[in-house]
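Protein chains in written order, with the numbering used here: chain A, 1 to 688; chain B, 689 to 867.
Written out as structure tokens, the structure is:
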């Protein structure tokens, strides 16, 4: 039963690798003084011609859309500036700044990211993640492989994070939150950018991007990125990584190398209807490693194995928008996404086709309607082994859904009620209905109070439905017995009804506060029936069922204050308490795998026009289930603009201690998590 | 590691040599673009002589100033020998001396009233609330994709006795509102 002590029993989700596609990069700045875009606060807009002004691109600094601040949901926007100033070198690290998002690093290439609970290694299965409208949620295990998600961070426009159910507007699996990563339009990334970061942990991160204009008014960019990260300093439970090997295509314990490239092309204001069209695509390969105990079915042992994870993917997306008026538009988006992932005992090749359309109707007297439809077809082929078996090596999944939402004006500028529902048909559980009701009240221009009741579901994954995994093996009197996780094709969706209340206020022109409280009522959560079969070679079988229920409540707050013209301070904190019940207690330990408190303090200081300094202090409470103590983490960044277009950053992360564990325990039966080490790196960025 | 550090230096050197770029695509804050456009609207609009009685050309802001300071430098500039001044107005009674009236988008609910008070006056009206040009306003800014667009109701401009030069008309979207 010790094997049940963790929810992450199926850890193909963990990974690592050393990857690449190196060639693209390190092509230093080309010495061609080409036309490029620039943003200059000192530029005199009165000296520009009307042609120049209508052609000017709006810079994204102020783009934290007011719309977002008016949304009746717990929403937070991480701007491009926030991301750059955080010193983060990956998307998961950037998410540490978002209040209420729990980011726990498992090893150099794996993060457990969750919102409002249910952290599980690498796969927060109740969190939906989108990159430019493309779902990066893996349907085999239901979760996100963070080692396969990356881009040039300078090209990220913003990351919008919705805490709480997003099931009505976004897809299913947006049970506890949605993370929406949005890159800049090609018109905003004109000219060249190259950067190179080198440090004790970041062996090399090289980026190159170049953007230009087409004769027909469109804009384009291409990018390439290569990353080589070393392993973390130590494995929990003793033992030290020694990094004899390195680089792409080899396993260096939990080291991680990846290479990727891609493009984005945008055409705006096409024809009389101001249509816009986006075509974009990426391709990547990542190699990562992890240490796992893998059952050996002939010896009946579970040796600690250095596992090599190879992840590859390519995608191509088109999005077309017709603007009927400033508040009415039709968007049609379609993409194909190919992903391949290979681990010790399983590989999966998946191709998905996704079609999405949304129509935003113009404001009527009292109503504002938005409707949409979404279709997704996905097929995969598994490479199985004696440790991982499935009834079907190939599967086709289909999801069809539609939603309707109406924002009703009860009293103009004061009371609004937003009602909506998503109706879905999927091939695992059939029809799912996910309604929500949100009420907002604006006592004045400076404040808003909102409340919401919504339902969201997580549909079973292909793993739950079809796969059998050997968790452990033992040899007793020359017979090998195993403990297996079995499948259950009769599972239904996990269900959440969430009650939320929030308050936002602009306290002074330079200070604002945002508070959100929630109560989540979960039912039909996944747990396991344990069968002891002493005469079978499967000694113990774990069959998933929907017998668990639970509740959680919490509070998240953010305070933002521009204390001086050149000094911005922000503080955020979140509290979480969770209680789960299942008939045989299996799965209940998830209630103690998320910190009950976490928070951060962030100071952004522009010392001079060219020198900036950031300090972020994080506090994360202990994780009782893993017996891990809480930790305090200090990150600092010093940025120096040496000349126009040439910047140097010095970043130190985790400065207070040489190493600390953030997730899992040494006694975890499956994956050996790492101590997360101190990292110091220097980065040089050149724009031309 | 050695090689990387050398690369880093090489990169820095190369960058240092190449930062002589010149700009073609201008990037500005949304409010800077709008402020610049207001100036150009003043420049390319002709008012009937009777409505230019004062020494200054007045831009009136109805409601709070949404330009976060970026419009202020317009004061002191001149257009056709008229110095530009900014006035803040709160009620329909204060608009008599305005040549241009910018309506803060938060004041959308006040517009019907304001619109009635504008009848017979040669005042160029501008706002950025959605539907302004359809509701009798003259120039409506919209933020589409990463550009600022303008819808212009030419009938409303004509009714007010104003004339906008072709150079500007070519750059905006002409719409027909209900007057």
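All C-beta atoms in this analysis are idealised placements derived from N, C-alpha and C, irrespective of residue type, glycine included.
(request) Using DSSP bridges, identify the partner residues of residue 750 (chain B). (result) B:777, B:791
(message) Determine, for residue 768 (chain B), whether the minimum Cβ-Cβ distance to residues of chain A falls below 8 Å.
(response) no
(request) Please report the residue range of the alpha helix (DSSP H) in which residue 727 (chain B) lies. (result) 718-731
(request) Would you mind giving the Cβ-Cβ distance between residue 192 (chain A) and residue 127 (chain A), rounded to the nearest angstrom? I have them listed as a contact below 8 Å. (result) No, residue 192 (chain A) and residue 127 (chain A) are not in contact; Cβ-Cβ is about 35 Å, not under 8 Å.
(request) Measure from the C-beta of residue 855 (chain B) to each C-beta in chain A and report whether the shortest distance is under 8 Å. (result) yes
(message) Is it the case that the stretch 149-165 of chain A contacts the stretch 495-504 of chain A, given that we only count it when at least three CB pairs across the two stretches are under 8 Å?
(response) yes
(request) Could you check how far apart the C-beta atoms of residue 100 (chain A) and residue 556 (chain A) are, in whole angstroms? I think they sit under 8 Å. (result) 4 Å
(request) Could you tell me whether the stretch 448-457 of chain A touches the stretch 373-380 of chain A, using the rule of 3 or more Cβ pairs below 8 Å? (result) no
(message) At the level of alpha carbons, what is the spacing between residue 54 (chain A) and residue 678 (chain A)?
(response) 48 Å
(request) Starting from residue 54 (chain A), find everything on chain B with Cβ-Cβ shorter than 9 Å and list it in chain order. (result) 721, 725, 835, 836, 837, 838, 859, 860
(message) Quick check on the burial criterion: 16 or more other C-beta atoms within 10 angstroms. Buried or exposed for residue 579 (chain A)?
(response) exposed
(request) Kindly indicate which residue of A:622, A:680, A:604 has the alpha-carbon position closest to the one of residue 84 (chain A). (result) A:604
(message) Whole angstroms are fine: how far does the CA of residue 770 (chain B) sit from the CA of residue 776 (chain B)?
(response) 19 Å
(message) Just to make sure I have the definition right: I need the residues of chain B whose C-beta is within less than 9 Å of the C-beta of residue 689 (chain A). Which are they?
(response) Past the boundaries of the shown model lies residue 689 (chain A); chain A is included only from 1 to 688, so the question cannot be answered.
(request) Could you tell me which chain A residues have their CB closer than 9 Å to the CB of residue 746 (chain B), listed as they occur along the chain? (result) Ordered by position in chain A, no residue passes the 9 Å Cβ test against residue 746 (chain B), which lies about 17 Å from the chain.
(message) Which residues in chain A have a C-beta closer than 9 Å to the C-beta of residue 842 (chain B)? List them in chain order.
(response) Correct list: empty, because the minimum Cβ distance to chain A is about 16 Å.
(request) Give me the Cα-Cα distance between residue 822 (chain B) and residue 864 (chain B), rounded to the nearest whole angstrom. (result) 7 Å
(message) Taking the straight line between their C-alpha atoms, what separation do you get for residue 676 (chain A) and residue 234 (chain A)?
(response) 8 Å
(request) Report the three-state DSSP secondary structure of residue 644 (chain A) (helix, strand or coil). (result) coil
(request) From the DSSP output, in three-state form, read off residue 39 (chain A) for me. (result) In this predicted model, residue 39 (chain A) has a pLDDT of only 37, less than 50, meaning its place in the structure is not dependable; the value taken from the coordinates is given anyway. DSSP places residue 39 (chain A) in strand when its eight states are reduced to three.
(message) Suppose the cutoff is 6 Å on Cβ atoms and the five residues either side in sequence are ignored; what does the same chain contact list for residue 571 (chain A) look like?
(response) 559, 601
(request) Decide if residue 414 (chain A) is buried, meaning its Cβ has at least 16 other Cβ atoms within 10 Å, or exposed. (result) exposed
(message) Rounding to the nearest angstrom, what Cα-Cα distance links residue 483 (chain A) and residue 590 (chain A) in this structure?
(response) 21 Å
(request) Give the residues of chain B in contact with residue 269 (chain A), contact being defined as C-beta atoms less than 9 Å apart. (result) 832, 833, 835, 837
(request) Entirely within the stretch 428-513 of chain A and at least 3 residues each: give me those beta strand (DSSP E) ranges in chain order. (result) 430-441, 447-458, 467-476, 479-485, 494-508
(request) Could you give the DSSP three-state label for residue 355 (chain A): helix, strand or coil? (result) strand
(request) Have a look at residue 374 (chain A) and residue 352 (chain A) and give me their C-alpha separation to the nearest angstrom. (result) 13 Å
(request) Could you tell me which chain A residues have their CB closer than 7 Å to the CB of residue 774 (chain B), listed as they occur along the chain? (result) Within 7 Å Cβ-Cβ: nothing; residue 774 (chain B) doesn't reach chain A, min ~13 Å.
(request) With a threshold of 7 Å, establish whether the CB of residue 787 (chain B) neighbours any heavy atom of the ligand ADP. (result) With respect to the ligand ADP, the structure offers nothing, as it holds no ligand at all.
(request) Label residue 537 (chain A) either buried or exposed according to how many other C-beta atoms from any shown protein chain fall within 10 Å of its C-beta, with 16 as the threshold for buried. (result) exposed
(request) Give the residues of chain B in contact with residue 689 (chain A), contact being defined as C-beta atoms less than 7 Å apart. (result) There is no way to answer for residue 689 (chain A), as the model of chain A reaches only from 1 to 688.
(message) I'd like to check one pair, residue 774 (chain B) with residue 787 (chain B): are the Cβ atoms closer than 8 Å?
(response) no
(message) Quick check on the DSSP output: the beta strand (DSSP E) that includes residue 323 (chain A) runs from which residue to which?
(response) 304-325
(message) Closer than 9 Å between beta carbons: that is the criterion. Which residues of the stretch 395-429 of chain A meet it against chain B?
(response) 412, 413
(request) State the CB to CB distance for the pair residue 223 (chain A) and residue 262 (chain A), rounded to an integer number of angstroms; the pair is presumed to be in contact (CB under 8 Å). (result) 6 Å
(message) Could you check whether the stretch 655-664 of chain A touches the stretch 616-636 of chain A, counting it as contact only if at least three pairs of C-beta atoms, one from each stretch, sit closer than 8 Å?
(response) yes
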